[in-house]
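A.B. asks: Residue numbers (my numbering), protein chains in the order written: chain A, 1 to 213; chain B, 214 to 419.
For every residue, glycine included, the Cβ atom is placed at its ideal position computed from N, Cα and C.
Quick caveat: nothing in here was measured; it's all calculated off a predicted structure.
Sending over a structure as structure tokens; questions will come in a sec.
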Amino acid sequence: MNCKDIQDRLSDFLDGELGSAQSDAFGTHIAECSDCRETLSRAQTIAVAMPRLPIEPPPNGFEERVLRQAAACSTPKPRISRAAIGGFVAACAASVLTIALMGPFAPAPTGGAAQALPFVAMTVDQPQTVNLVFASNSALENVSLRIELPEGVELAGYAGRREVVWRTSMLAGKNVLPLELVAEGSASGEIVARLQHGDTEQIFRISVSAAVG
Amino acid sequence: MSVSNTSHSEFAQLLRPHLRRLYRLAYRLSGSAADAEDLVQEVLVKVYERRDELTSIRALEPWLGRVLYNQFVDNARRYARQRLRTVSLDSPEVGSAGEEAVASREPGPDKITADGFDISKLNSAVAQLSLDHRTVVLMHDSEGYKLEEIQIITGVPVGTLKSRLHRARARLREILTADGTFSADSSCNSVKASENELQRYTRSAQ
Numbered sequence: 001m002n003c004k005d006i007q008d009r010l011s012d013f014l015d016g017e018l019g020s021a022q023s024d025a026f027g028t029h030i031a032e033c034s035d036c037r038e039t040l041s042r043a044q045t046i047a048v049a050m051p052r053l054p055i056e057p058p059p060n061g062f063e064e065r066v067l068r069q070a071a072a073c074s075t076p077k078p079r080i081s082r083a084a085i086g087g088f089v090a091a092c093a094a095s096v097l098t099i100a101l102m103g104p105f106a107p108a109p110t111g112g113a114a115q116a117l118p119f120v121a122m123t124v125d126q127p128q129t130v131n132l133v134f135a136s137n138s139a140l141e142n143v144s145l146r147i148e149l150p151e152g153v154e155l156a157g158y159a160g161r162r163e164v165v166w167r168t169s170m171l172a173g174k175n176v177l178p179l180e181l182v183a184e185g186s187a188s189g190e191i192v193a194r195l196q197h198g199d200t201e202q203i204f205r206i207s208v209s210a211a212v213g
Numbered sequence: 214m215s216v217s218n219t220s221h222s223e224f225a226q227l228l229r230p231h232l233r234r235l236y237r238l239a240y241r242l243s244g245s246a247a248d249a250e251d252l253v254q255e256v257l258v259k260v261y262e263r264r265d266e267l268t269s270i271r272a273l274e275p276w277l278g279r280v281l282y283n284q285f286v287d288n289a290r291r292y293a294r295q296r297l298r299t300v301s302l303d304s305p306e307v308g309s310a311g312e313e314a315v316a317s318r319e320p321g322p323d324k325i326t327a328d329g330f331d332i333s334k335l336n337s338a339v340a341q342l343s344l345d346h347r348t349v350v351l352m353h354d355s356e357g358y359k360l361e362e363i364q365i366i367t368g369v370p371v372g373t374l375k376s377r378l379h380r381a382r383a384r385l386r387e388i389l390t391a392d393g394t395f396s397a398d399s400s401c402n403s404v405k406a407s408e409n410e411l412q413r414y415t416r417s418a419q
């Protein structure tokens, strides 16, 4: 075997799929070639690390929630109004809603009847993830993103905060911001998302209502 | 015959044992807990409508995996999107410039392998792979699916999957070499690993 043969058979070697003759030839070359030894060692390091790639555990109540909602959603019902600023995709899930908003710093829609706000219905004490999706025509650096919350609705991990600000960069295309919302009691109001880039600010509003389940 | 012979409790009993593995597959494909739950939810809604068929499916898990994979591909085509990487500007532990937040992203002890390899670098490298390569390397090398199982789930022939797996692994090595992850220090460890490998060959040849 030469170095190219080693490259070609490395994956099979890692998976234990080389026959004994090929395996011997592979070993003979590895013993003689430090470059191929290094390549093999790196491949083995990656192979050992791959099963350890991090994975977030599912959110609390995942199994019961998805099973319950499977029945509830078998006849899909939109959970947010269809008059979002730039259209939206509604996921039939109690925990995850997706709201697609017009791209940052595009001109606001003009003319026509006033459009209803996207609407999120929540149940008190049931965390709900809302994916806000911002479509951008170009990559943007140093974007400030401010989320303002109505009384009674909080972001998980930001207890007692009515306002949270992040700095972010946006890629061209659709950029998603997952918000994990928790309602502490019956509440209604607006979530306001303010995107600021340079001197330009764009504001998105989402109506939210929480009731006891 | 009623609308369905399979009750909700029977449906739950059939599906529950598979939910964690489905979630892991969904997570590997989508890259976030929220999207993974969303994906599993979409699958269950679809499957619920066909719940009378479930008891006649011999290998339910790969069948569910295939439904999930198809849903993921449909979603990806319809609705490509990228999660925003945010840096908090006002949490107490973070300075105004966000440098502390960057520092806090340094890998913890559980993210370093015994030979000093930084798993977060591997995570970033995997994210740079094409969808086809990422899918097969995550399913095979991270989740332990056999190529035959991945064929059932994705509908891609084993030969093609094998070729993609080979190229994906090679690409990961390229990325991690180019970004300096395989540094001089790690190559010391690598040499040790190679020496061990060499000794095994030498012994087996004797």
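1. Keeping to the same chain, check which residues put their C-beta closer than 8 Å to that of B/Ala381; ignore five residues upstream and five downstream.
2. Please report the residue range of the beta strand (DSSP E) in which A/Gly173 lies.
3. Compare the C-beta of B/Glu223 with all C-beta atoms of chain A and state if any pair is closer than 8 Å.
4. Just to check my reading of the structure: B/Asn336 and A/Pro54 have Cβ atoms closer than 8 Å, yes? What is that Cβ distance to the nearest angstrom?
5. Between A/Met170, A/Glu151, A/Ala172, which has its C-alpha nearest A/Val182's C-alpha?
6. Within 8 Å (strictly less), CB to CB, does B/Phe330 reach chain E?
7. Determine which residues of the segment 47–66 of chain A have a Cβ less than 7 Å from any Cβ of chain B, and write them out in chain order.
8. Return no unless some Cβ of chain B is closer than 8 Å to the Cβ of A/Gln69.
9. What number of angstroms, rounded off, separates the C-alpha of A/Glu141 from the C-alpha of A/Gln196?
10. Tell me, please, whether the CB atom of B/Glu362 is closer than 8 Å to any CB atom in chain A?
11. Only counting the same chain, and skipping five residues up and downstream in sequence, which positions put a Cβ closer than 6 Å to that of A/Arg146?
12. Determine the chain A residues that contact B/Ala247 at a beta-carbon separation under 7 Å, and present them in chain order.
13. Taking the alpha-carbon positions, what's the A/Ala72 to B/Thr373 distance?
14. Examine the Cβ distances between the segment 359–379 of chain B and the segment 270–282 of chain B and report whether three or more of them are shorter than 8 Å.
15. What first and last residue would you give for the beta strand (DSSP E) that runs through A/Arg146?
16. Taking only beta carbons into account, state which residues of the segment 251–264 of chain B come closer than 8 Å to chain A, listed in chain order.
17. Between the segment 268–275 of chain B and the segment 379–394 of chain B, can you find at least three pairs of beta-carbon atoms closer than 8 Å?
18. Helix or strand or just coil, what does DSSP make of A/Gly189?
19. Examine chain B for any beta-carbon lying closer than 8 Å to the beta-carbon of A/Ser138, and answer yes or no.
20. Taking buried to mean at least 16 other C-beta atoms within 10 Å of its own C-beta, is A/Asn131 buried or exposed?
21. B/Val256 lies in the alpha helix (DSSP H); which residues open and close that run?
22. Within the 8 Å Cβ cut-off, does A/Thr45 reach chain B?
23. Label A/Glu163 either buried or exposed according to how many other C-beta atoms from any shown protein chain fall within 10 Å of its C-beta, with 16 as the threshold for buried.
24. State yes or no: is the C-beta of B/Tyr240 within less than 8 Å of the C-beta of B/Ala247?
25. Whole angstroms is fine: what's the gap from B/Ser222's alpha carbon to A/Leu67's?
26. Using Cβ-Cβ distances below 9 Å, what residues of the segment 265–285 of chain B are close to chain A?
27. Is the Cβ of A/Arg162 closer than 8 Å to any Cβ of chain B?
28. Please list, in chain order, the chain A residues whose beta carbon lies closer than 9 Å to that of B/Leu232.
29. What are the boundary residues of the alpha helix (DSSP H) that A/Phe62 is part of?
30. Hey, out of B/Thr394, B/His353, B/Gly393, whose CA is closest to B/Tyr377's CA?
31. Measure the C-alpha to C-alpha separation of A/Ala21 and B/Ala225 and round it to an integer number of angstroms.
32. Please classify A/Ile206: does DSSP put it in a helix, a strand, or coil?
33. So, with DSSP's three-state summary, where would you put B/Thr394?
34. Please confirm whether B/Tyr240 has its beta-carbon closer than 8 Å to some beta-carbon of chain A.
35. Inspect the beta-carbon positions of A/Val153 and A/Val212 and report whether they are closer than 8 Å.
36. Give the DSSP-derived three-state secondary structure of A/Met1 in the structure shown.
C.D. replies: On the basis of the supplied data:
1. Sequence-distant Cβ neighbours of B/Ala381 in its own chain, meaning closer than 8 Å and more than five residues away, are Leu342, His346, Arg347, Val349, Val350.
2. Looking at the DSSP string, the run of the beta strand (DSSP E) that includes A/Gly173 is 173–183.
3. So, not an interface residue.
4. Contact check for B/Asn336 and A/Pro54: beta-carbon distance about 7 Å, within the 8 Å limit, so the pair qualifies.
5. The option with the nearest alpha carbon to A/Val182 is A/Glu151.
6. No chain E appears in this structure, whose protein chains are A and B.
7. The residues in question are Ala47, Val48, Ala49, Met50, Pro51, Arg52, Leu53, Pro54, Ile55, Glu56, Pro58, Pro59, Phe62, Glu63, Val66.
8. Output row for A/Gln69: interface = yes.
9. A/Glu141 and A/Gln196 have their C-alpha atoms spaced approximately 11 Å apart.
10. Chain A places no beta carbon closer than 8 Å to that of B/Glu362, leaving this residue out of the contacts.
11. Only Val165, Arg194 meet the Cβ criterion.
12. Residues of chain A passing the Cβ test: Val96, Thr129, Asn131, Pro178.
13. The straight-line gap from Cα to Cα measures roughly 40 Å.
14. Using a Cβ-Cβ distance cut-off of 8 Å, the segment 359–379 of chain B and the segment 270–282 of chain B are in contact, since at least three pairs of beta carbons, one from each stretch, lie closer than that value.
15. 140–148 is the span of the beta strand (DSSP E), which, as asked, contains A/Arg146.
16. From the segment 251–264 of chain B, only Asp251, Val253, Gln254, Glu255, Leu257, Val258, Val260, Tyr261, Glu262 have a Cβ closer than 8 Å to chain A.
17. Contact between the segment 379–394 of chain B and the segment 268–275 of chain B is absent, because fewer than three Cβ pairs lie under 8 Å.
18. In the three-state reduction of the DSSP assignment, A/Gly189 falls in the strand class, which pools E and B.
19. Under the 8 Å criterion on CB atoms, A/Ser138 is classed as non-interfacial with respect to chain B.
20. Residue burial is scored here from C-beta neighbours: A/Asn131 has at least 16 other C-beta atoms within 10 angstroms and is therefore classed as buried.
21. For B/Val256, the uninterrupted alpha helix (DSSP H) segment begins and ends at 246–261.
22. Yes, because at least one Cβ of chain B sits closer than 8 Å to the Cβ of A/Thr45.
23. Exposed, since its Cβ has fewer than 16 Cβ neighbours within 10 Å.
24. At a Cβ-Cβ threshold of 8 Å, B/Tyr240 and B/Ala247 do not count as neighbours.
25. Roughly 9 Å separates the two Cα atoms.
26. So nothing in the stretch comes that close.
27. Not one chain B Cβ lies under 8 Å of A/Arg162.
28. Proximity of chain A to B/Leu232 at the Cβ level (cut-off 9 Å) is accounted for by Pro58, Phe62, Glu63, Val66, Leu67, in chain order.
29. From DSSP, the alpha helix (DSSP H) with A/Phe62 extends over 62–72.
30. Strictly speaking, residue 377 of chain B in this sequence is Arg, with Tyr absent from that position. Its Cα nearest to that of B/Arg377, the residue B/His353 stands out among B/Thr394, B/His353, B/Gly393.
31. A/Ala21 and B/Ala225: Cα-Cα distance of roughly 51 Å.
32. Here A/Ile206 sits in strand by DSSP.
33. Note: B/Thr394 maps to coil in three-state DSSP.
34. So yes, B/Tyr240 belongs to the interface.
35. Against a cut-off of 8 Å, the Cβ pair of A/Val212 and A/Val153 comes out as no contact.
36. In this structure, DSSP gives A/Met1 a state outside helix and strand, which the three-state scheme calls coil.
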